[in-house]
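Right, one structure below, let's go through it.
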Amino acid sequence: MEIRYLLEKPVTLDIQMRVRDFTVLLGLSGEGKTMLLKAIAGLIPARGHPFGGLAAERRPIGYLPQGYALFPHLRAWENVAFPLPRGAGRRAQAMDLLARVGLVDLAERYPAALSGGQRQRVALARALARRPELLLLDEPTSALDMATRDEILDELIREVHDFGVPVLAVSHDPHLAMLADHMAVLLDGRIAQEGPPRAVFARPATMGVARLLGFRNFLAGRIEEIEGAGMVVAGAGADWRLRTGLQHGMHPGMAVTVAIRSEDLVPGDSLGGSAPNALKLKVVSLREEGVALRVRMEGALSLDMLLPRLQCEGRSLALGTELWVQVAPEHVHVMAE
Amino acid sequence: MSDAAAIAIAASRQPPARWLATLMAAAVLVFLLAPFAALVFATDWHDFQFAPGDLGAIRVSLFYSALALALVVLAGTPLAWWLAHYHYRGKWLVDALLLLPLLTPPLAMGILLSSFYGPYSPVGGLFSQAGLYLTNTAPAFVLAQIYGAMPYYVLAARAAFEGVSEELEQISRTLGRNRWQTFWRVTLPLARLGLTAGVALAWVRAMGEFGIVLIVAYFPQGIPVKLWVNLQDVGLSAVYPLLWVFFLVAVPLPLWLGLRSRRQGIF
């Protein structure tokens, strides 16, 4: 499904993107992701297609806002039955939908007596009761506990696949985007990039996108050389050089931004200067992040490295020590400026 | 100061403070209810009888208050909904104007009404031509009650509607229900407790309205005006029996609604 929506108020948005299966639109808070969903649902004035010009109640969509907005005065099954026409089969239909999301035992409960994940599934069943052509999810992970989040997400994605309804989920959570079938990145009111998550995460098109996808290291440089299998990028003062994989549209002398994920840097004391992309840097700050260690290093360039605990074992890291670090050429991502 | 010392001081201070608070609460409660106790003693239970016309006054009060209440709810609910849902420039002015009938002393309100709807005013003249006389008639009585009760109902109902999450109303629309169905299936049930409080308040205002009614509709006499008449014509002994009846018929509805709402944590 192709979506094209234009909004002027309260935020300016010009959105054109594809939605297929489970699609995630990634964007920072305040970018207007919720507004886009409300516009598609017909709840705020906007121009666009599909469904443009229809009243909210006539648009074949299912909308799950943050917090799910279950009706507090109705039991779980009555919430699911809300969009169904009055008639003999109403309760049976609602129970059937609740059974499909595995909640038939809790049908008589009020929303206040349900957990976050259970509420989400009731809201999903309620949205699906209308037989929507498109399901809109607003930050589906925001109301979930860390402990059960992944489980509930897997379940949610499996369920929407089962129902066969295309889903557009908006989120600021890159983790959710990784699980998607298709993703798009919203930046400054426009779609900055879209594609399969594997491609977008590996090759962000711009620095803004890379930042959203969790890249922490950005270096300004210039393409020095292009060979058969890869390229060499150098810093402005030629004080550092990094080998990268081959990328289209680059030519020697071109100004570029290099992006490296903190997790892609590995220490390698024994490497010396012989391995590709080995850099000798000085540790300037150390911070524990759960069981991992974040190491900030400076030298010819500044880098941020996230060391998993396996890598920390048997290594004595202290402020001021010099450290050889390395990054695989295929993990050095180059973007045209 | 150490934590232990702080706890010790708090513990030594707390009991008298709590005791004092209870005492003060009890004193205020006694102050509020004492006059009603006096009513029990002042009533001449051996010679408990109604003055002529009392039963008529009860009928008038009950019937026309119910009518006024129905009209207040019918006209006030859409207004309250509109006030709660629409936001525009200068809304504060509408809000302030809405308070005007509430802030006006009832007697003054009665004078304003009789000037506006009275037989010598253009509006009153128009109504008279249509056969509707708005002084000292049943319609005038109901009109006075509406003016006394409606602002209270509208304020309470607006607060009740504002308490309903707009998101739930929007969700209802995305689930295929239009605005009207949404109002009945989502807004009304969720605003129900606040609305019943408004109804209770309006009922009490309509039943007890004296100042406006006295000026605009001295006849037909409802309970409040009849109490005044009894006091003037007969004396105190003729007031109490009617007052008892007033409590019996006017109080149960708001009391029941109030208790019900309290139990559900609304107030």
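These protein sequences, in sequence, are chains A and B. Residues in the first sequence are numbered from 17 upward in steps of one, following my numbering. Residues in the second sequence are numbered from 4 upward in steps of one, following my numbering. C-beta atoms are modelled at their ideal positions from N, C-alpha and C, and glycine is treated no differently. Note that the structure is predicted; figures quoted are calculated from it, not measured.
Secondary structure of residue i, DSSP reduced to three states
i                : result
glutamate 240/A  : strand
alanine 62/A     : coil
alanine 220/B    : coil
arginine 36/A    : coil
arginine 20/A    : strand
proline 192/B    : helix
arginine 303/A   : strand
glutamine 52/B   : coil
valine 27/A      : coil
methionine 162/A : helix
leucine 229/A    : coil
proline 101/A    : coil
isoleucine 269/B : Because the pLDDT of isoleucine 269/B is 41, which lies under 50, any placement of that residue in the model is unreliable, and the number read from its coordinates should be weighed accordingly. Correct three-state label for isoleucine 269/B: coil.
arginine 91/A    : coil
methionine 27/B  : helix
valine 254/B     : coil
methionine 4/B   : Reliability of the predicted coordinates at methionine 4/B is poor, the pLDDT of 46 falling under 50, and the value obtained from them is presented with this limitation in mind. Three-state DSSP puts methionine 4/B in coil, outside helix and strand.
valine 237/B     : coil
methionine 266/A : coil
valine 248/B     : helix
glutamate 314/A  : strand
glycine 179/B    : coil
glycine 211/B    : helix
leucine 86/A     : coil
glutamate 346/A  : helix
threonine 199/B  : helix
arginine 74/A    : helix
tyrosine 243/B   : helix
arginine 331/A   : coil
Strand pairing of residue i, partner residues [DSSP]
i               : result
tyrosine 79/A   : Leu152/A
glutamate 338/A : Lys298/A
proline 38/B    : Partner(s): none; proline 38/B has no beta bridge.
alanine 250/A   : Arg238/A and Arg257/A
glutamate 210/A : Ala200/A
proline 283/A   : Val341/A
aspartate 47/B  : Answer by DSSP bridge pairing: none, since aspartate 47/B is not bridged.
glycine 42/A    : According to the sequence shown, residue 42/A is leucine rather than glycine. In the DSSP output, where bridge partners are listed per residue, leucine 42/A has Ser187/A and Val201/A.
leucine 309/A   : Glu304/A and Leu323/A
Residue interval of the beta strand (DSSP E) (run including residue i)
i               : result
threonine 222/A : Segment: none, threonine 222/A is in no beta strand (DSSP E) and carries neither H nor E.
glycine 261/A   : 257–261
valine 274/A    : 271–276
valine 350/A    : 349–352
leucine 323/A   : 319–323
Closer than 6 Å: residue i CB and nearest the ligand COA heavy atom
i             : result
glycine 132/A : Absent from the structure shown: the ligand COA. Ligands present: none.
Unbroken alpha helix (DSSP H) run spanning residue i, endpoints
i                : result
aspartate 98/B   : 94–106
leucine 77/B     : 57–88
alanine 159/B    : 141–165
serine 168/B     : Premise fails: serine 168/B is in no alpha helix (DSSP H) and is neither H nor E.
leucine 129/B    : 125–132
proline 292/A    : Premise fails: proline 292/A is in no alpha helix (DSSP H) and is neither H nor E.
tryptophan 183/B : 182–185
proline 109/B    : 109–120
leucine 52/A     : 49–57
*Cβ pair count under 8 Å reaching 3, the region 227–247 of chain B against the region 74–82 of chain B*: Output reads no: the region 74–82 of chain B does not touch the region 227–247 of chain B.
*Mind the definition here: the region 101–121 of chain B touches the region 172–189 of chain B only if three or more C-beta pairs lie below 8 Å; say whether that holds.*
Under the three-pair Cβ rule at 8 Å, the region 101–121 of chain B does not count as touching the region 172–189 of chain B.
_Ignoring anything shorter than 3 residues, give me the beta strand (DSSP E) runs that lie fully in the region 179–205 of chain A, in order along the chain._
Within the region 179–205 of chain A, the complete beta strand (DSSP E) runs of at least 3 residues are 183–187 and 198–203.
_Cβ contact (3+ pairs, closer than 8 Å) linking the region 116–125 of chain B and the region 189–198 of chain B_ = Flag = no, the region 116–125 of chain B and the region 189–198 of chain B do not touch.
*If you pair each beta-carbon of the region 58–76 of chain A with each one of the region 86–101 of chain A, do three or more pairs fall below 8 Å?*
Contact between the region 58–76 of chain A and the region 86–101 of chain A is not established, with fewer than three Cβ pairs separated by less than 8 Å.
*Which residue spans inside the region 106–151 of chain A form an unbroken beta strand (DSSP E) run of at least 3?*
With a minimum length of 3 residues, there is no unbroken run of beta strand (DSSP E) contained wholly in the region 106–151 of chain A.
*Is there contact here, the region 176–184 of chain B with the region 33–53 of chain B, by at least three beta-carbon pairs under 8 Å?*
Under the 8 Å Cβ criterion, the region 176–184 of chain B does not count as touching the region 33–53 of chain B, having fewer than three qualifying pairs.
*Count the C-beta pairs between the region 76–84 of chain A and the region 144–161 of chain A that are closer than 8 Å, then say yes if the count reaches three, no if not.*
Yes, the region 76–84 of chain A is in contact with the region 144–161 of chain A.
*asked:* Quick test of the definition: if touching needs 3 or more C-beta pairs under 8 Å, does the region 192–204 of chain B touch the region 155–165 of chain B?
replied: In the pairwise beta carbon analysis, the region 192–204 of chain B is classified as touching the region 155–165 of chain B: at least three pairs are separated by under 8 Å.
_When you compare the region 244–263 of chain A with the region 202–216 of chain A, are there three or more beta-carbon pairs, one atom per stretch, that lie closer than 8 Å?_
As far as the Cβ criterion goes, the region 244–263 of chain A does not touch the region 202–216 of chain A, which means the pair count is below three.
*Given 8 Å as the limit, is there contact between the region 134–143 of chain B and the region 26–45 of chain A, that is, 3 or more CB pairs closer than that?*
Output reads no: the region 26–45 of chain A does not touch the region 134–143 of chain B.
*asked:* Quick check: the region 221–231 of chain A against the region 326–342 of chain A, are at least 3 beta-carbon pairs closer than 8 Å?
replied: By the criterion of at least three beta-carbon pairs nearer than 8 Å, the region 326–342 of chain A is not in contact with the region 221–231 of chain A.
_Could you check whether the region 34–43 of chain B touches the region 196–211 of chain B, counting it as contact only if at least three pairs of C-beta atoms, one from each stretch, sit closer than 8 Å?_
Counting C-beta pairs closer than 8 Å gives fewer than three between the region 34–43 of chain B and the region 196–211 of chain B, which falls short of the contact rule.
*Indicate whether the contact test is met: 3 or more Cβ pairs, each with one atom in the region 274–285 of chain A and one in the region 316–333 of chain A, closer than 8 Å.*
With a cut-off of 8 Å, the region 316–333 of chain A and the region 274–285 of chain A count as touching, because enough Cβ pairs lie within range.
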